[in-house]
Structures are given as C-alpha cells and as structure tokens.
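Visitor: Residues in the sequence shown are numbered from 0 upward in steps of one, following numbering that gives the first Met the number 0.
For every residue, glycine included, the Cβ atom is placed at its ideal position computed from N, Cα and C.
Have a look at this one.
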Amino acid sequence: MKSLVAALTMTAVSLWGLFSFTQEQRRYPVDPQTKWAVGAKPKPADELKKQLDSGSTVLIIDVRSPASSPASFEKETIPGAINIPLRRA
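Dropping the structure here:
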C-alpha cells in the first residue's frame, strides 16, 4: 500500500511539473486542434464509474480550478482525485 501511495505521489508531482510550465515552455506535444496533450484520452463517465466500482486502481487528475466555483468544485470532485489546475493560454 505504501508503494502505491508513493507511486501515485511521484506521478502527481511529475504531472504538476508538466502543468506548471507556461504554454511556451511545455515539454510535451499538444494536438493543435484539441489543445490536449498528444495521447491524452478522455473517458466517458459511465466507463469511469464501472472501473471505480470494480475496485481497479485509477489515477484521476482534475484540471479544473477550485477558485472558479468553490461550492460546485467541492460537490463535484471525485474522492481521491488529484487537483492540478490547468492554466488556460
């Protein structure tokens, strides 16, 4: 369990480092049409729910800013999700 927590923490810190750069300093390729990182795959809510209900290990990164709407952010956040607000360019 400790190794899982350590791995998730290291992943979160690594991802935070990626998102902390400004648009010009990004070190990952971005699709010009979607503006998403190349390889990023959205998952429909029903698929995510099935995966969570099955007990699978899932890393969820919430890129919304809590400052935009604190009440709804708190209400809509999935327990265990890591919040790394994405800066809009």
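Go ahead and pull the three-state DSSP assignment for A44.
Guide: Helix.
Visitor: Mapping the DSSP letters down to three states, classify D52 as helix, strand or coil.
Guide: Looking at D52 - three-state DSSP - the assignment turns out to be helix.
Visitor: Can you tell me the Cβ-Cβ gap for P43 and V37, rounded? I've got them flagged as a contact below 8 angstroms.
Guide: At roughly 20 angstroms, the Cβ-Cβ gap does not stay under 8 angstroms, so P43 and V37 are not in contact.
Visitor: Would you give the residue range spanned by the alpha helix (DSSP H) that A70 belongs to?
Guide: That run of the alpha helix (DSSP H) goes 69-75.
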